[in-house]
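For reference, the structure discussed in these notes is given below.
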Amino acid sequence: MIKTSACRVISFAWLPGILCLAAHTALAEQQVPPGPFTETECITCHTERDPVLVKQWREGPHSTVSKTECSSCHGDSHEDSGMRARRDESCSSCHEGPASHSYSTSKHGVINRLEAGRQDWQKPLQPGYYRAPGCSYCHLHNGDHGDTMAPDRGPEVRQWICSGCHSPRYVREQFANGKRQLAIADLKLAEGESLMSSVTETQPDVLPKLRQNLIQHRENVLLGVGHQSPDYQWWHGQPALDGDLIRIRDAISESQRRKRLLGNREE
Amino acid sequence: MRYRLILLALPVIALLVVSAGFAYVHWSKGGTGTGLYSRYWSPDPVQGYWDPDNFYQSVKSVEGVFKAALCIQCHEGITPGIVADWRVSRHGQSDNPVYCNDCHGNDHQHLRLPTPEVCGNCHQKQHGEFKDEARYGFPSHVLAMERAVDAKHFVDKPKGEVQSCIQCHSVATKCDSCHTRHRFDAAEARRPEACITCHSGPPHPDDETYFGSAHGRLYLAEGDDWDWSKPLTKGNYKAPTCAYCHMDSGRHQVAHKSVWKFGLREVNPHTSKNQVLRKKWIKLCSDCHDQEQARQWLTGLDQERKQAWQKLYAAEDILKDLRNDNLLQPAAGERPPYPMDWMDRLWPRERIGFFEGQASAFYNVSAIERDYFEMWYFDNLGAYKSAAHGNQAGVESGHRKMAASLDRIETRASELYHLSETEQRAEITPEPSHEIWMKGAYTDYNRKHN
């Protein structure tokens, strides 16, 4: 009798645990219909399963800036949703132009493109599974749904991600050189801004366009450094900035000459 | 007697001058950098990874002498990607595997970053061909690094900045530019994408011009299904790729059939030497096409070059006239000079045209010279690459851009003449533009840190 009661107590004590386990197993094994799902359905279900992931997404640029929905990257079918989102194509359909081109011409981009057919895209975005990093490997590393390359994540996170494949010193030196390249691009930007602000009276008409060019070319250096694209660091970046400075100076010095002529006539 | 003395003295003097010249060149290469200006610069810390033979120093963080099994065991945890790459590579799959220490050494305090010489220990044929390319001059792969560091703008600019040049020019100092580590796959290097990290962008849009050609479009549509393990010889590929034509039969040289020299300067394509090279191209094209057809295509390329150089020389003439009339502003003496260029200081002169150093004249020049630089280096080379890759739309676009550049240069020149004449009539002497051109956050930094 006592034995029976004890058994009962023991079984009752385990019951919540067993129920929880059963519920979780059921959740994990539950056949998810193939979809498509609405955005609310995705968020409701995944908030329960992956609260951290949803929080990362909510705080990240895809939610706060571009209002990108889950299906934009994951597609409509639940079955291959992870695979689909890991591929570069899911990013490059929105991130066009220099952001995409600087990566696709880099060695990482080239290898990733050539390996795409052989690559097992089911694998998690972790070291050892990918021959070269695609967009998602670095920017959504280990499935982080923020941006793991965002400046506010700090250099340690980037150092750690790159060091999954490269030696720590190599990564350190590349980063340090990248910082020097960017600092130099910033000096060019500052030189251009200072030249333009020195024109106190009527500004030559071309200056606003030249300012836009300066900013774009500085951005190219950043993309070149981040994506390790020599062409964006150089031809789309540094010498292009040099050209902007030449044209800014030329516009200013010509307007000064014309001003002197005008002053002379008025006298 | 006196004549005899002079006759005797002349060869002695000549010998002394030549030896002094050699000694000077030897001395000038003995600085902290490399090349002819090595005494004027020191490398950026990252340069060791691009030019290991000259600048790489082993990491000192780990002590010990290791056997391959231990290297693999440890690096499988630290850098699993490179171990996975090596495992599936021919080095890893061979019955007699090439292990980590065969290329890197086994003392972790004295590790080696492999140079072409290290690869050449086994790949003698490829390494021999690669080194032998030097006899065809530049542009070529094997001379890329020395030509980069011997460029005046490389020496003049901050070394952190010009590391971006070195990355591509390291094709002369490492093999993994094309055979990426640690797979070192010949099949990968045969595909056109292997070339585009460096062969893209404004001065060498080989990627766009090839991918837009009939050959490139066929590759893009079907290339993923081709068997890339096959050698680059007749019948193995439905369309030619970069390597099929430029490194035919897998020969590790790109310059050996070079006639038009990248489109950088005007060449006479009909010299006896170039006739021989032309025959080699025609033979190559005839792997798939009729010889006569190939001959006509190359004649078309000659004509395209002639038209391009007519436009370029017209622009050069305008600039030279402006130079003669002292209308280029800032004048040569009012620009930040190359620090080691003492000739330029003694005799300041604007560089116009290829042989005066146009290649370095993209930053400390006037706006109209910069326009010409872009016309020559971007528009012209784009047109040339299009013509050479059989991309007619690219040729038309390149020539349209050149015509627009020439038009801009003409308009700008006539504005400069007009401005100067008006100033003369008003008896205004132009003020030197030194203030605007010689100062600035970057310009000052560059002067201190080159």
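Chains as they are written, first to last, in the numbering used here: chain A, 6 to 272; chain B, 114 to 563. C-beta atoms are modelled at their ideal positions from N, C-alpha and C, and glycine is treated no differently.
Exposure of Y116/B is indicated by the presence of fewer than 16 other C-beta atoms within 10 angstroms of its C-beta. In chain A, no part has a C-beta under 8 Å from the C-beta of D430/B; the shortest such distance is about 21 Å.
DSSP places V262/B in the helix class (H, G or I) of the three-state scheme. Not one beta carbon of chain A lies nearer than 8 Å to the beta carbon of W339/B.
For H171/A, the chain B residues whose Cβ falls inside 8 Å of its Cβ are T192, in order along the chain. Residue pairing from DSSP places D220/B in a beta bridge opposite V178/B.
The DSSP-derived three-state label of F168/B is helix.
When DSSP states are grouped into helix, strand and coil, L256/B belongs to the coil group. Along the region 235–251 of chain A, the positions whose C-beta sits under 9 Å from a C-beta of chain B are P235, D236, Y237, Q238, W239, W240, H241, G242, Q243, P244, A245, L246, D247, G248, L250 and I251, read in chain order. Secondary structure within the region 382–438 of chain B: not one fully enclosed beta strand (DSSP E) run of 3 or more consecutive residues is present. Nearest to Q471/B by C-alpha distance, out of Y485/B, W460/B, L459/B and R458/B, is Y485/B.
In the three-state DSSP reduction, D255/A falls in the helix class (H, G or I). Here G148/B is near K142/B, since their CB atoms are less than 8 Å apart. Chain A has no Cβ within less than 8 Å of the Cβ of D166/B.
A check of alpha carbon separations from E161/A across A181/A, H150/A and G148/A identifies A181/A as the nearest. Around the beta carbon of K287/B, a 10 Å sphere encloses 16 or more other beta carbons of the protein chains shown; the residue is thus reported as buried. Chain A places no beta carbon closer than 8 Å to that of F179/B, leaving this residue out of the contacts. Closest in C-alpha terms to R408/B, from the list R294/B, P158/B, S326/B and A501/B, comes A501/B.
DSSP, read as helix, strand or coil, puts N234/B in coil.
One thing to note: D319/B has its Cβ no nearer than 8 Å to the Cβ of S326/B. In this structure, DSSP gives G134/B a helical state, which the three-state scheme calls helix. 8 Å or more divides the Cβ of R163/A from the Cβ of L194/A. Within the model, the alpha-carbon separation for K180/B versus G218/B is close to 10 Å.
Cα atoms of K393/B and K370/B: separation of roughly 7 Å, rounded to the nearest angstrom. Residue contact with chain B for A195/A: present (Cβ-Cβ distance below 8 Å to some residue of chain B). With fewer than 16 other beta carbons inside 10 angstroms of its own, Y137/B counts as exposed. Here DSSP, grouped into helix, strand and coil, assigns D93/A to coil. Shortest Cα-Cα distance from L250/A to any of G169/A, C50/A and Q217/A involves Q217/A. In the three-state scheme derived from DSSP, where H, G and I count as helix and E and B as strand, H365/B is classed as coil. Annotation: G231/A has no Cβ neighbours in chain B at a cutoff of 9 Å; minimum Cβ distance is about 13 Å.
In this structure, the straight-line span from the alpha carbon of D255/A to that of E534/B is close to 18 Å. Residues of the same chain with a CB within less than 8 Å of the CB of G169/A, apart from the 5 flanking positions on each side, are Q131, P132 and G133 in chain order. Considering only E64/A, T45/A and R118/A, the residue with the shortest C-alpha distance to I309/B is R118/A.
Counting C-beta pairs with one atom in each stretch, the region 260–280 of chain B and the region 530–550 of chain B have fewer than three that are closer than 8 Å, which means they do not touch.
In terms of beta-carbon proximity, L532/B lines the interface with chain A, with at least one pair separated by less than 8 Å.
Residues of the region 260–290 of chain B whose Cβ lies closer than 7 Å to any Cβ of chain A, in chain order: P271, G273, E274, Q276, S277, C278, Q280 and C281.
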